[in-house]
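Asker:
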Amino acid sequence: MTRTWFSQSLETVAVWWRIERCDGVALGFTSHDRDLVFAGLQHRTAPGMVPSAVRRTATFEADSAEVTGALSHDAIGETDLSAGRYDGARVSMGLVDWETLETESLFTGTIGSVGREGEQFSAELQSIKHMLTRQVVPRTSPTCRAEFCGEGCTLSAAHVTHEAVIAEVSSDRQWVRLSTLASPERFEFGWLRMVDGPVAGITMRIEAADEGWLVLDRPMASDTAAGVRVVLREGCDHTLSTCSSRFGNALNFQGEPFLPGNDLLTRYPASQ
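Heads up: the sequence shown at position 183 corresponds to 176 in my numbering, and the numbers run straight through without jumps.
1) Just confirm the distance between the C-beta atoms of residue 246 and residue 142, as a whole number of angstroms; I'd bet it's less than 8 Å.
2) Using a Cβ-Cβ cutoff of less than 7 Å, which residues in the same chain neighbour residue 0 once the five nearest sequence positions on both sides are dropped?
3) Which residue or residues does DSSP assign as beta-bridge partners of residue 25?
4) Could you say if the stretch 12 to 21 and the stretch 87 to 98 meet the contact criterion of at least three C-beta pairs nearer than 8 Å?
5) Cβ of residue 9 within 7 Å of Cβ of residue 87?
6) Measure the C-alpha to C-alpha separation of residue 148 and residue 38 and round it to an integer number of angstroms.
7) Once the 5 residues before and after residue 221 are set aside, which same chain residues still bring their CB inside 8 Å of it?
8) Suppose you measure from the CA of residue 34 to the CA of residue 20; what does that come to, to the nearest Å?
9) Could you check how far apart the C-beta atoms of residue 169 and residue 209 are, in whole angstroms? I think they sit under 8 Å.
10) Under the DSSP definition of a beta bridge, which residues are partnered with residue 9?
11) From the DSSP output, in three-state form, read off residue 141 for me.
12) State the start and end residues of the unbroken beta strand (DSSP E) segment that holds residue 196.
13) Quick one: measure Cβ to Cβ for residue 181 and residue 228, integer angstroms, because I've assumed they're closer than 8 Å.
14) DSSP on residue 156, reduced to helix/strand/coil?
15) Verify whether the separation of the beta carbon atoms of residue 184 and residue 239 is less than 7 Å.
16) Could you check what DSSP says for residue 180 in three-state terms: helix, strand or coil?
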(Lines of atoms letter the chains of each structure in order from A and count residues from 1; the text may use other names and numbers.)
(Lines give C-alpha, C1' and ligand atoms only; values in the text may rest on other atoms or scores of the structure.)
Protein backbone atom coordinates (compact mmCIF):
# COMPACT_ATOMS: atom_id res chain seq x y z
CA MET A 1 0.00 0.00 0.00
CA THR A 2 1.37 3.39 -0.98
CA ARG A 3 1.85 5.80 1.88
CA THR A 4 0.04 9.13 1.91
CA TRP A 5 2.62 11.66 3.01
CA PHE A 6 1.70 14.63 5.23
CA SER A 7 -1.71 13.15 6.04
CA GLN A 8 -1.23 13.96 9.74
CA SER A 9 -0.52 17.15 11.62
CA LEU A 10 2.84 15.78 12.84
CA GLU A 11 5.07 13.80 10.48
CA THR A 12 8.57 12.35 10.84
CA VAL A 13 9.52 13.30 7.28
CA ALA A 14 12.67 14.81 5.82
CA VAL A 15 13.86 15.57 2.31
CA TRP A 16 16.69 13.57 0.74
CA TRP A 17 18.63 13.97 -2.47
CA ARG A 18 21.29 11.81 -4.06
CA ILE A 19 23.99 12.82 -6.56
CA GLU A 20 25.79 10.28 -8.76
CA ARG A 21 28.67 11.95 -10.57
CA CYS A 22 29.98 10.81 -13.93
CA ASP A 23 33.27 9.73 -12.30
CA GLY A 24 31.43 7.14 -10.17
CA VAL A 25 31.25 9.10 -6.90
CA ALA A 26 27.83 8.94 -5.16
CA LEU A 27 26.80 11.50 -2.51
CA GLY A 28 23.68 11.52 -0.36
CA PHE A 29 22.19 14.39 1.67
CA THR A 30 19.17 14.94 3.88
CA SER A 31 17.47 17.88 5.55
CA HIS A 32 17.23 15.87 8.81
CA ASP A 33 19.41 16.88 11.78
CA ARG A 34 21.39 13.60 11.70
CA ASP A 35 22.79 11.32 9.03
CA LEU A 36 20.49 8.63 7.60
CA VAL A 37 21.54 5.38 5.94
CA PHE A 38 19.20 3.84 3.38
CA ALA A 39 19.33 2.49 -0.18
CA GLY A 40 22.93 1.45 0.45
CA LEU A 41 24.21 5.00 0.95
CA GLN A 42 24.83 7.30 3.90
CA HIS A 43 22.87 10.52 3.47
CA ARG A 44 24.70 13.26 5.35
CA THR A 45 22.85 16.00 7.13
CA ALA A 46 23.01 19.19 5.09
CA PRO A 47 20.86 21.87 6.71
CA GLY A 48 22.41 24.53 4.48
CA MET A 49 21.17 22.87 1.31
CA VAL A 50 17.59 23.68 0.41
CA PRO A 51 15.59 22.06 -2.42
CA SER A 52 13.08 24.34 -4.10
CA ALA A 53 9.57 23.34 -5.13
CA VAL A 54 9.48 20.41 -7.52
CA ARG A 55 7.09 20.94 -10.42
CA ARG A 56 5.84 17.77 -12.13
CA THR A 57 3.51 17.69 -15.10
CA ALA A 58 1.44 15.00 -16.79
CA THR A 59 2.41 16.30 -20.23
CA PHE A 60 5.65 16.08 -22.22
CA GLU A 61 6.77 19.40 -20.73
CA ALA A 62 9.95 18.94 -18.73
CA ASP A 63 9.68 18.90 -14.94
CA SER A 64 11.74 21.45 -13.02
CA ALA A 65 13.57 21.64 -9.70
CA GLU A 66 16.52 23.43 -8.15
CA VAL A 67 18.86 22.97 -5.21
CA THR A 68 20.71 25.79 -3.46
CA GLY A 69 23.22 25.61 -0.63
CA ALA A 70 26.44 26.74 0.97
CA LEU A 71 29.85 26.08 -0.54
CA SER A 72 31.16 25.34 2.96
CA HIS A 73 29.74 21.80 2.96
CA ASP A 74 32.54 19.24 3.17
CA ALA A 75 31.22 17.06 0.34
CA ILE A 76 30.58 19.85 -2.18
CA GLY A 77 33.40 22.32 -2.56
CA GLU A 78 34.02 25.28 -4.81
CA THR A 79 36.96 23.56 -6.49
CA ASP A 80 34.90 20.54 -7.53
CA LEU A 81 32.05 22.71 -8.81
CA SER A 82 34.29 24.97 -10.89
CA ALA A 83 36.24 21.97 -12.19
CA GLY A 84 33.05 20.48 -13.60
CA ARG A 85 32.92 17.33 -11.48
CA TYR A 86 29.14 17.77 -11.09
CA ASP A 87 28.37 18.54 -14.73
CA GLY A 88 25.87 16.01 -16.06
CA ALA A 89 25.59 14.20 -12.72
CA ARG A 90 22.47 12.12 -12.09
CA VAL A 91 20.23 13.48 -9.32
CA SER A 92 17.37 11.91 -7.35
CA MET A 93 15.23 13.73 -4.80
CA GLY A 94 12.42 12.59 -2.52
CA LEU A 95 11.01 12.09 0.98
CA VAL A 96 12.18 9.81 3.81
CA ASP A 97 10.65 8.87 7.14
CA TRP A 98 13.57 9.20 9.54
CA GLU A 99 12.08 6.61 11.92
CA THR A 100 11.10 3.82 9.52
CA LEU A 101 13.43 4.90 6.65
CA GLU A 102 10.51 4.52 4.23
CA THR A 103 11.29 6.56 1.14
CA GLU A 104 9.59 7.88 -1.96
CA SER A 105 11.25 9.45 -5.00
CA LEU A 106 9.78 12.72 -6.30
CA PHE A 107 12.29 13.75 -8.95
CA THR A 108 14.94 12.08 -11.11
CA GLY A 109 17.13 13.85 -13.61
CA THR A 110 20.53 15.37 -14.22
CA ILE A 111 22.36 18.55 -13.22
CA GLY A 112 22.10 21.10 -16.01
CA SER A 113 23.92 24.27 -15.03
CA VAL A 114 25.65 25.22 -11.77
CA GLY A 115 25.78 28.87 -10.73
CA ARG A 116 27.44 30.73 -7.88
CA GLU A 117 26.59 33.89 -5.96
CA GLY A 118 29.07 34.70 -3.21
CA GLU A 119 29.32 31.71 -0.89
CA GLN A 120 26.14 30.10 -2.26
CA PHE A 121 25.71 27.79 -5.20
CA SER A 122 22.61 26.82 -7.14
CA ALA A 123 22.12 23.80 -9.38
CA GLU A 124 19.41 23.59 -12.03
CA LEU A 125 18.02 20.07 -12.30
CA GLN A 126 16.76 18.68 -15.60
CA SER A 127 14.23 15.87 -15.50
CA ILE A 128 14.47 12.76 -17.65
CA LYS A 129 11.72 14.21 -19.85
CA HIS A 130 14.27 16.80 -20.98
CA MET A 131 15.57 14.10 -23.37
CA LEU A 132 12.30 14.38 -25.30
CA THR A 133 13.40 17.82 -26.58
CA ARG A 134 16.25 16.31 -28.57
CA GLN A 135 16.03 16.26 -32.34
CA VAL A 136 14.92 12.79 -33.45
CA VAL A 137 15.50 13.41 -37.16
CA PRO A 138 18.93 14.96 -37.84
CA ARG A 139 19.03 18.25 -39.71
CA THR A 140 21.19 18.66 -42.75
CA SER A 141 24.50 20.41 -42.22
CA PRO A 142 27.69 20.98 -44.23
CA THR A 143 29.79 19.61 -41.33
CA CYS A 144 29.77 16.12 -39.84
CA ARG A 145 27.19 15.48 -37.12
CA ALA A 146 28.91 12.41 -35.68
CA GLU A 147 30.95 12.54 -32.49
CA PHE A 148 34.62 12.06 -33.33
CA CYS A 149 35.48 8.37 -32.74
CA GLY A 150 31.86 7.84 -31.72
CA GLU A 151 28.79 6.29 -33.30
CA GLY A 152 28.72 6.92 -37.03
CA CYS A 153 32.36 8.00 -37.20
CA THR A 154 33.67 4.40 -36.80
CA LEU A 155 37.27 5.53 -36.19
CA SER A 156 39.12 3.78 -33.36
CA ALA A 157 39.85 6.05 -30.41
CA ALA A 158 42.98 4.06 -29.55
CA HIS A 159 44.82 5.44 -32.58
CA VAL A 160 44.17 9.10 -31.69
CA THR A 161 44.60 8.93 -27.89
CA HIS A 162 47.98 9.84 -26.40
CA GLU A 163 49.68 10.22 -23.03
CA ALA A 164 51.80 13.24 -22.11
CA VAL A 165 53.13 15.25 -19.18
CA ILE A 166 52.45 18.92 -18.43
CA ALA A 167 55.63 20.90 -18.98
CA GLU A 168 54.36 24.45 -18.40
CA VAL A 169 51.17 26.26 -17.36
CA SER A 170 50.36 29.87 -18.27
CA SER A 171 49.67 32.54 -15.66
CA ASP A 172 45.93 32.47 -16.30
CA ARG A 173 46.02 28.64 -16.09
CA GLN A 174 44.07 28.25 -19.34
CA TRP A 175 47.07 27.61 -21.60
CA VAL A 176 49.22 24.52 -21.18
CA ARG A 177 52.36 23.21 -22.86
CA LEU A 178 53.00 19.46 -22.88
CA SER A 179 56.26 17.53 -23.15
CA THR A 180 56.79 14.71 -25.66
CA LEU A 181 53.86 15.93 -27.72
CA ALA A 182 54.33 16.18 -31.47
CA SER A 183 52.06 18.26 -33.73
CA PRO A 184 49.95 20.07 -31.08
CA GLU A 185 47.66 21.40 -33.83
CA ARG A 186 46.26 17.88 -34.23
CA PHE A 187 44.61 18.25 -30.82
CA GLU A 188 42.45 21.26 -31.69
CA PHE A 189 38.80 20.50 -30.82
CA GLY A 190 39.93 17.44 -28.86
CA TRP A 191 40.02 16.95 -25.10
CA LEU A 192 42.47 16.60 -22.24
CA ARG A 193 41.95 14.51 -19.09
CA MET A 194 44.04 14.82 -15.94
CA VAL A 195 45.52 11.57 -14.61
CA ASP A 196 47.29 13.02 -11.55
CA GLY A 197 46.85 16.08 -9.37
CA PRO A 198 43.90 17.63 -7.54
CA VAL A 199 41.52 17.39 -10.50
CA ALA A 200 42.33 13.85 -11.63
CA GLY A 201 39.59 12.52 -13.88
CA ILE A 202 38.39 15.94 -15.04
CA THR A 203 38.08 16.34 -18.82
CA MET A 204 38.55 19.72 -20.52
CA ARG A 205 38.02 20.64 -24.14
CA ILE A 206 40.91 21.94 -26.23
CA GLU A 207 39.76 25.08 -28.02
CA ALA A 208 42.89 25.83 -30.07
CA ALA A 209 46.63 25.27 -30.47
CA ASP A 210 49.04 28.20 -30.71
CA GLU A 211 52.82 27.87 -31.05
CA GLY A 212 53.03 24.67 -29.05
CA TRP A 213 50.46 25.76 -26.44
CA LEU A 214 47.04 24.19 -26.04
CA VAL A 215 44.16 26.54 -25.13
CA LEU A 216 41.61 24.93 -22.82
CA ASP A 217 37.93 25.77 -22.49
CA ARG A 218 38.36 26.83 -18.84
CA PRO A 219 41.22 27.47 -16.38
CA MET A 220 42.77 24.53 -14.56
CA ALA A 221 42.87 24.24 -10.77
CA SER A 222 45.21 26.71 -9.07
CA ASP A 223 47.53 23.98 -7.75
CA THR A 224 47.98 22.17 -11.07
CA ALA A 225 51.68 22.31 -11.94
CA ALA A 226 54.27 20.82 -14.25
CA GLY A 227 54.79 17.08 -13.99
CA VAL A 228 51.08 16.12 -13.97
CA ARG A 229 50.27 13.28 -16.37
CA VAL A 230 47.43 13.73 -18.85
CA VAL A 231 45.62 11.74 -21.53
CA LEU A 232 44.70 13.54 -24.75
CA ARG A 233 42.39 12.79 -27.63
CA GLU A 234 43.04 14.32 -31.03
CA GLY A 235 40.32 16.56 -32.43
CA CYS A 236 38.43 16.97 -35.66
CA ASP A 237 36.88 20.11 -37.16
CA HIS A 238 34.10 17.97 -38.74
CA THR A 239 34.82 19.12 -42.29
CA LEU A 240 34.92 16.79 -45.28
CA SER A 241 38.46 17.81 -46.22
CA THR A 242 39.82 16.86 -42.79
CA CYS A 243 37.83 13.63 -42.71
CA SER A 244 39.18 12.63 -46.11
CA SER A 245 42.79 13.85 -46.14
CA ARG A 246 43.74 13.32 -42.49
CA PHE A 247 41.70 10.31 -41.44
CA GLY A 248 40.73 8.68 -44.75
CA ASN A 249 37.18 8.31 -43.44
CA ALA A 250 35.11 10.24 -45.99
CA LEU A 251 32.93 7.17 -46.59
CA ASN A 252 31.46 7.62 -43.10
CA PHE A 253 31.09 11.41 -43.22
CA GLN A 254 27.79 12.30 -41.54
CA GLY A 255 27.04 15.57 -43.33
CA GLU A 256 25.94 17.15 -46.60
CA PRO A 257 28.83 19.41 -47.69
CA PHE A 258 27.51 19.89 -51.25
CA LEU A 259 23.84 20.48 -50.45
CA PRO A 260 22.79 24.06 -51.37
CA GLY A 261 21.90 26.17 -48.33
CA ASN A 262 19.27 28.85 -47.75
CA ASP A 263 21.66 31.49 -49.09
CA LEU A 264 20.99 30.11 -52.58
CA LEU A 265 17.47 31.61 -52.44
CA THR A 266 18.81 35.12 -51.78
CA ARG A 267 21.27 35.23 -54.64
CA TYR A 268 20.54 37.56 -57.55
CA PRO A 269 20.71 36.15 -61.04
CA ALA A 270 23.93 36.95 -62.83
CA SER A 271 23.76 38.36 -66.34
CA GLN A 272 25.53 36.44 -69.05
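C-beta atoms are modelled at their ideal positions from N, C-alpha and C, and glycine is treated no differently. What you are looking at is a predicted structure, and each value in this text was computed from that prediction instead of being measured.
Answerer: With the structure as the only source:
1) The residue you call residue 246 lines up with position 253 of the sequence shown. The residue you call residue 142 lines up with position 149 of the sequence shown. That pair is no contact at about 14 Å.
2) Within the sequence shown, residue 0 is the residue found at index 7, counting from 1. So no residue of the chain qualifies.
3) Mapped onto the sequence shown, residue 25 falls at position 32. Bridge partners of residue 25: none, in fact.
4) no
5) Locating residue 9 in the sequence shown gives position 16, where the first residue counts as 1. Locating residue 87 in the sequence shown gives position 94, where the first residue counts as 1. Taking 7 Å as the Cβ cut-off, residue 9 and residue 87 qualify as a contacting pair.
6) By one-based count along the sequence shown, residue 148 stands at place 155. By one-based count along the sequence shown, residue 38 stands at place 45. Straight-line Cα distance between these residues: approximately 47 Å.
7) Sequence index remark: in the sequence shown, residue 221 carries index 228 (1-based). Cβ neighbours of residue 221 beyond the five flanking positions: 158, 159, 187, 188, 189, 190.
8) Indexing the sequence shown from 1 puts residue 34 at position 41. Indexing the sequence shown from 1 puts residue 20 at position 27. The alpha-carbon atoms of residue 34 and residue 20 are separated by roughly 8 Å.
9) Reading the sequence shown from its first residue, position 176 is the one you call residue 169. Reading the sequence shown from its first residue, position 216 is the one you call residue 209. Rounded, the Cβ-Cβ distance is 7 Å, consistent with contact.
10) If you number the sequence shown from 1, residue 9 lands on position 16. DSSP, once it has assigned bridges, lists 23, 87 as partnering residue 9.
11) Along the sequence shown, read from residue 1 onward, the residue named residue 141 stands at position 148. Note: residue 141 maps to coil in three-state DSSP.
12) In the sequence shown, counting from the first residue as 1, residue 196 sits at position 203. From DSSP, the beta strand (DSSP E) with residue 196 extends over 196 to 203.
13) As a first step, residue 181 is located in the sequence shown; it is residue number 188 there, counting from the start. As a first step, residue 228 is located in the sequence shown; it is residue number 235 there, counting from the start. Residue 181 to residue 228, Cβ: 5 Å. Contact.
14) In the sequence shown, counting from the first residue as 1, residue 156 sits at position 163. Residue 156: strand per DSSP, three-state reduction.
15) The residue labelled residue 184 in the question sits at position 191 within the sequence shown. The residue labelled residue 239 in the question sits at position 246 within the sequence shown. Not closer than 7 Å, so no.
16) Here residue 180 refers to the residue found at position 187 of the sequence shown. Three-state result, residue 180: helix.
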